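Undergrad: Taken in order, the sequence shown gives residues 33 to 321; the numbers are from our numbering. Glycine residues also receive a C-beta, built at the ideal position from the N, C-alpha and C atoms. Values in this document were obtained by computation on a predicted structure and should not be read as measured data. Got a structure here, written out as structure tokens. Questions coming.
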Amino acid sequence: MKKQTAMNRDWIATARTLSEALPYLQRYDEAVVVIKFGGHAMGDDVAMESFARDIVLMQQVGVYPVIVHGGGPMINEMLAKLDIKSDFVKGKRVTDEATVKVVEMVLSGLVNKRIVQAINRQGGKAVGLSGKDANMMICDQTDPDLGFVGTPSEMNPAVLRQLFTAEMIPVVAPLGAGRNGETYNVNGDTAAGAIAAALKADRLLLLTDVAGVKDASGEVVTELTPDQIRALTTEGVIAGGMIPKTETALAAIEGGVRAVVILDGRAPNACLLELFTEHGAGSLIRQPR
33 MKKQTAMNRD WIATARTLSE ALPYLQRYDE AVVVIKFGGH AMGDDVAMES FARDIVLMQQ
93 VGVYPVIVHG GGPMINEMLA KLDIKSDFVK GKRVTDEATV KVVEMVLSGL VNKRIVQAIN
153 RQGGKAVGLS GKDANMMICD QTDPDLGFVG TPSEMNPAVL RQLFTAEMIP VVAPLGAGRN
213 GETYNVNGDT AAGAIAAALK ADRLLLLTDV AGVKDASGEV VTELTPDQIR ALTTEGVIAG
273 GMIPKTETAL AAIEGGVRAV VILDGRAPNA CLLELFTEHG AGSLIRQPR
């Protein structure tokens, strides 16, 4: 009898959670949400399956999700297998002609299709593409010293809107087309921010391996304005790998994205918690209301 009572409590809690999600489901109906997927969750089969299920559920309740992924560890592994050595300038990899071919092979092939298959296995209809498809992301060279590394300069997101209409889930590899036929490797966060801005997305979710933006005492700040982000950066509180993520957030908001969330992709159901519960799951960055 005790076991039955405990099960009943679990069922009631589940029903309450679903009921409490209603206003959030209504809030995000037909909202565009761009998700940068990377870090720990991408290399773990169980986490990948959970992520894919969450994305399919998001689409099922009316959200238009777009997945933009990275793949640095997989690129490093393939370069090592092929014995292609990389030079580094100011801590950044020089992407020469041989390297960019491997980057494209790994990102558009191995990594992209793994995510596509994971979503399809959960009942979704995912389509893999890169920023080169339909000239979605035209790039200029970021720095001649870095070779084929690009910065998005012209965005054409029409193909993504067509996929929304067809009830497809776009999975985008962060590669861009140059103006003279080049292929450019683009930082995953940067690509996600540029795509979110081009779509005027409601949310850009940057999944990472930390809990969010922390203050000087090490506590996660659940909501910040762009001015507060700049102040924390000037004070040195935001440092290291968090700087490019917050820079992406600021650029996306300036480009028309309603809000950006930096959240821990290792947390189970992180995207669902952020969108459909009152708790949220990371640091929300938006203009003051």
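1. Tell me whether M187 sits in a helix, a strand or coil according to DSSP, three-state version.
2. Mapping DSSP to helix, strand and coil, what is G104?
3. State the DSSP-derived secondary structure class of G288, mapped to helix, strand or coil.
4. Given a threshold of 16 other Cβ atoms within 10 Å of its Cβ, counted over all protein chains shown, does K66 qualify as buried or as exposed?
5. To the nearest angstrom, report how far apart M187 and R153 are at their CA atoms.
6. So, does the region 200 to 219 touch the region 160 to 167, judging by three or more C-beta pairs under 8 Å?
7. Output the distance between the C-alpha atoms of D42 and R48, rounded to the nearest integer angstrom.
8. Measuring alpha carbon to alpha carbon, tell me which residue in H311, L304, L282 and R59 is nearest Q319.
9. Leaving aside the five residues before and after G288 along the sequence, list all residues of the same chain whose C-beta is less than 6 Å from its C-beta, in chain order.
10. Taking 8 Å as the threshold (beta carbon to beta carbon), is Q173 in contact with chain B?
11. Does DSSP put Q91 in a helix, a strand or coil?
12. With a CB to CB cut of under 6 Å and the five nearest residues on each side skipped, what residues in its chain are close to V293?
13. Roughly how many angstroms separate the alpha carbons of N217 and E62, rounded to a whole number?
14. Leaving out five residues before and five after E310 in sequence, what residues of the same chain have Cβ atoms less than 6 Å from its Cβ?
15. Compare the Cα-Cα distances from S82 to each of G250, M200 and A302 and report the closest residue.
16. Got a sec? Which residues, its chain only, sit under 6 Å from F308 by beta carbon, not counting five neighbours each side?
17. Looking only at its own chain, which residues have a Cβ that is under 7 Å from the Cβ of A226, when we skip the five neighbours before and after it?
18. Which class does E199 belong to by DSSP, given the choice of helix, strand or coil?
19. Please go through the region 51 to 87 and give each complete alpha helix (DSSP H) segment of 4 or more residues, from N-terminal end onward.
20. Thinking A209 and T215 are a contact (beta carbons under 8 Å), I'd like their distance in whole angstroms, please.
21. For a quick check, are the C-beta atoms of G102 and G70 less than 8 Å apart?
22. So, for K34: in the same chain, excluding its five sequence neighbours on each side, which residues have a beta-carbon less than 8 Å away from its beta-carbon?
23. Measuring only the C-alpha atoms, how far is R125 from I151?
24. Where does the unbroken alpha helix (DSSP H) through N152 begin, and where does it stop?
25. Using only the alpha-carbon positions, how far apart do A8 and E251 sit?
TA: Answer, in terms of the structure:
1. strand
2. helix
3. coil
4. Before going further, note that residue 66 is Val rather than Lys in the sequence given. With 16 or more other Cβ atoms within 10 Å, it is buried.
5. 30 Å
6. yes
7. 10 Å
8. L282
9. A229 and K232
10. This model lacks chain B altogether, as it is built from one protein chain only.
11. helix
12. L237, E306, G314 and L316
13. 31 Å
14. none
15. A302
16. A53 and Y56
17. M169, P184 and M187
18. coil
19. 54 to 59
20. 7 Å
21. yes
22. Its pLDDT being 48, under 50, K34 is placed unreliably by the model, and the measurement read from it follows with that caveat. Contacts found: none.
23. 31 Å
24. N144 to R153
25. Since the first and last residues shown for the chain are 33 and 321, residue 8 lies out of range.
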